[in-house]
Amino acid sequence: MLSFLRHTMFSLGATAFVLSFSSCHTIKKLELATITTDCIQASRQRIHNATYNTKIDFYKKHFSGLLLFKAVNDTDNRVVFVTETGFKLFDFEFTPHNFNIQYCLPPLRKKMILNIFKNDLGQLVQSDTISPLHINQKDSLITFTFARGNNRYEDYSVDSKCSRLTGIERGGKCLKQVTTKISGLTRGNFDEIDIYHRPVKLHISLKQIER
Amino acid sequence: MIMKHRMVYFLLFMCTAFTAMAQSFAPVKDEAGTRKKIADIGKNSISIKADFVQEKNLAMLSEKITSKGTFYFKKDNKVRLEYHQPFKYLLVINDGKILIKDDAKSTQMDMHKNKIFQEVNNIIISCVNGSAIGSTDFDIKMLENASQLKLEMKPIAKGLKDFFSSISIIIDKKDYSVARIEMNEVSGDNTIINFSNKELNGNMDDKLFSVSK
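Protein chains in written order, with our numbering: chain A, 7 to 217; chain B, 1067 to 1279.
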């Protein structure tokens, strides 16, 4: 039994290593000068004013509510989470250089929880003004990679037609811990968003609803 | 031409004045009698079914989230809130247990483990069955106009005071049923629930309040 487990673990480890190694080397590098404005614009698509029916699954716990995104001006955004019955759980402000907690229910005021919301929601409202570290084309996606310091990177992928942002990955150079899948675009806001955290069983799912 | 304009302005002024008069409230003349009436009707209230429109107003953002659904109440403390628009969501509270169903999952929990639901449940039930009138958690002012009563409730209890600046309940005088609940938060936000198509004391199946998944 133990040797079987050891063998399985070794096989999984080897497969992961080969996959991660190959995923770093089967991509075509592109120069920023060759990228169209449409592509750059698509990589900078973010949510401005929209409401999302939101579900959060954390291990066996399930939570739901409404996430309201509002652009206060050209650079600042507010994201408010309200339960279906109308109780506000948090109200965060995102500015280009700051994350401000306007309101947060005390049980949620924990460093780990706040960091998750700051990063997961921040990536959906704040776009980069800096140039990407590099741009790659892999399969039908064009990916803009930004360096975030401490060997942390963020990949923003757009479809081959450069019409919309399709996903965001955050983590190390090869292994990304947080994957965000984006589908559809209505009135300039994403239709559906799924955020998966690999190290912990956390899945945040957003579906745009009519205001 | 000028006469026509004057006429329009006069009519607009009259409409506004009448609306303001219809909505303005003055202190209740017979406070003890009204309190007794509300408490008695609440005690005899067996069931309530009503449609509701819930508005969450986020003051700082000038934003409003509107949802619609059906509300059920059955004596003593069974509550069912069905949200139909713009999302599907069901909340059932029965005998200390809560059932929540959204389009993805059903969750059952004990009410005492969730302070928020406990507060929501207490507020809704005490507003609907009239027991709020005797609550020591609030300082209550009673107002009235020709067709409605208004209970202006200022929280005294610490937990409530931290969250709500006031709660107003509007009651229709014709049947003493709740027409509107306004929950004003300290932050300036508020939640307004308007009830319509009310069915009072009709037969209501206990299955509606089942909290099993």
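Just so it is clear, CB atoms sit at the ideal spot from N, CA and C, and this is done for glycine as well.
Range covered by the alpha helix (DSSP H) that runs through residue i
| i | result |
| --- | --- |
| A/F105 | Per DSSP, A/F105 belongs to no alpha helix (DSSP H); it is in the beta strand (DSSP E), 105-110. |
| B/R1101 | 1097-1109 |
| A/L97 | The residue you asked about is not Leu; residue 97 of chain A is Asp in the sequence shown. Taken as a continuous stretch (DSSP letters only), A/D97 belongs to no alpha helix (DSSP H), being part of the beta strand (DSSP E) at 94-100. |
| A/T60 | Not the alpha helix (DSSP H): A/T60 falls in the beta strand (DSSP E), residues 56-64. |
| A/N121 | 117-131 |
| B/L1226 | 1224-1229 |
| A/Q47 | 43-49 |
Residue interval of the beta strand (DSSP E) (run including residue i)
| i | result |
| --- | --- |
| A/E240 | Given that chain A is displayed from residue 7 to residue 217, the structure contains no residue 240 of chain A and the question cannot be resolved. |
| B/D1168 | 1163-1168 |
| A/L208 | 208-215 |
| A/L73 | 67-77 |
| B/D1117 | 1113-1124 |
| A/K199 | What sits at residue 199 of chain A in the sequence shown is Ile, not Lys. Counting along the chain, the beta strand (DSSP E) containing A/I199 begins and ends at 195-203. |
Proximal chain C residues relative to residue i, where beta-carbon distance stays under 7 Å
| i | result |
| --- | --- |
| A/S189 | Of the protein chains in the structure, A and B, none is chain C. |
Cα-Cα separation, residue i to residue j
| i | j | result |
| --- | --- | --- |
| B/V1252 | B/F1229 | 6 Å |
| B/D1106 | B/P1221 | 23 Å |
| A/L191 | A/I53 | 10 Å |
| A/I188 | A/F196 | 7 Å |
| A/F152 | A/A48 | 15 Å |
| A/T149 | A/M118 | 28 Å |
| A/R170 | A/S163 | 9 Å |
| B/Y1242 | A/F87 | 35 Å |
| B/P1093 | B/I1206 | 12 Å |
| B/I1237 | B/M1249 | 15 Å |
| B/K1167 | B/T1173 | 6 Å |
| B/V1277 | A/D63 | 21 Å |
| A/F123 | B/E1210 | 46 Å |
| A/C180 | A/K35 | 15 Å |
| A/I46 | B/S1133 | 37 Å |
| B/Y1138 | A/D126 | 37 Å |
| B/D1169 | B/K1154 | 6 Å |
Where residue i falls, given that 16 or more other Cβ within 10 Å makes a residue buried
| i | result |
| --- | --- |
| A/L72 | buried |
| B/A1223 | exposed |
| A/R193 | exposed |
| A/F10 | Unreliable positioning characterises A/F10 in this predicted model, as indicated by a pLDDT of 44, which lies under 50. A coordinate reading is not provided. |
| A/G178 | exposed |
| A/S70 | buried |
| A/P138 | buried |
| A/D161 | buried |
| B/S1192 | buried |
| B/A1245 | buried |
| B/K1216 | buried |
| B/Q1151 | exposed |
Under 7 Å from the C-beta of residue i: neighbouring residues of chain A
| i | result |
| --- | --- |
| B/A1125 | Those do not exist, as B/A1125 stays about 11 Å from chain A at its closest Cβ, beyond 7 Å. |
| B/P1221 | Chain A residues near B/P1221: none, gap ~15 Å exceeds 7 Å. |
| B/Q1120 | G92 |
Contacts of residue i in chain A (Cβ-Cβ under 8 Å)
| i | result |
| --- | --- |
| B/A1174 | For the sequence presented, residue 1174 of chain B should be read as Gln rather than Ala. Near B/Q1174 there are no residues of chain A at all, since even the closest Cβ is about 11 Å away, more than 8 Å. |
| B/D1255 | K94 |
| B/L1147 | T91 |
| B/F1153 | N59, L72, E90, I215 |
| B/L1157 | E90, T91 |
Contact set between residue i and chain B, taken where Cβ atoms lie within less than 8 Å
| i | result |
| --- | --- |
| A/L74 | L1124, L1127, E1129, I1131 |
Cross-chain neighbours of residue i in chain B, by beta carbon under 9 Å
| i | result |
| --- | --- |
| A/K231 | Since the first residue of chain A shown is 7 and the last is 217, residue 231 of chain A is not available in this structure. |
| A/R154 | Correct list: empty, because the minimum Cβ distance to chain B is about 29 Å. |
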